[in-house]
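This note's numbering puts the first residue of the sequence shown at 104, with every later residue one more than the last.
From the three backbone atoms N, C-alpha and C, an ideal C-beta is built for every residue, glycine too.
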Amino acid sequence: MSKTIVYVCDRKGCGKTPAQTTRITSNTGAYKVDLCAEHSKDAVEGATRQKRRAKRGPRTPTTTVGSAGTAVDGV
Ligand SMILES: [Zn+2]
């Protein structure tokens, strides 16, 4: 007997079969949320697409970036 897991949109009151799992990273942590096509579109509205990091190549120093407007204590 096998179980079938059905994922539905996590937006309250929606319950549609989600098109995809959306990852959200904020200064409070990283989240995964299942969203239908419509809500997925809403979630990324106004967002900037992040470029994928190259797997190889010289490692460049990374800068810790807080949320917008948050100063990062340094040196
Ligand atoms: Zn939805």
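How many angstroms separate the CA atom of residue i from the CA atom of residue j?
i, j, result
"Ala122", "Asn130", "26 Å"
"Ile108", "Ala150", "30 Å"
"Thr120", "Tyr110", "6 Å"
"Gly176", "Met104", "Residue identity differs from the one stated: residue 176 is Asp in this sequence, not Gly. Each residue's Cα considered, the two are about 55 Å apart."
Enumerate in chain order the residues of its own chain whose CB-to-CB distance from residue i is below 7 Å, with the five nearest sequence positions on each side excluded.
i, result
"Cys117", "Cys139, His142"
Does the beta carbon of residue i fall short of 6 Å from some heavy atom of ligand 1?
i, result
"Lys119", "yes"
"Arg114", "yes"
Can you name, in chain order, every residue of its own chain whose Cβ lies under 8 Å from the Cβ of residue i, other than the five neighbours on each side?
i, result
"Ile127", "Ala133, Tyr134, Lys135, Val136, Ala146"
"Thr125", "Lys135, Val136, Asp137, Leu138, Ser143, Ala146, Val147"
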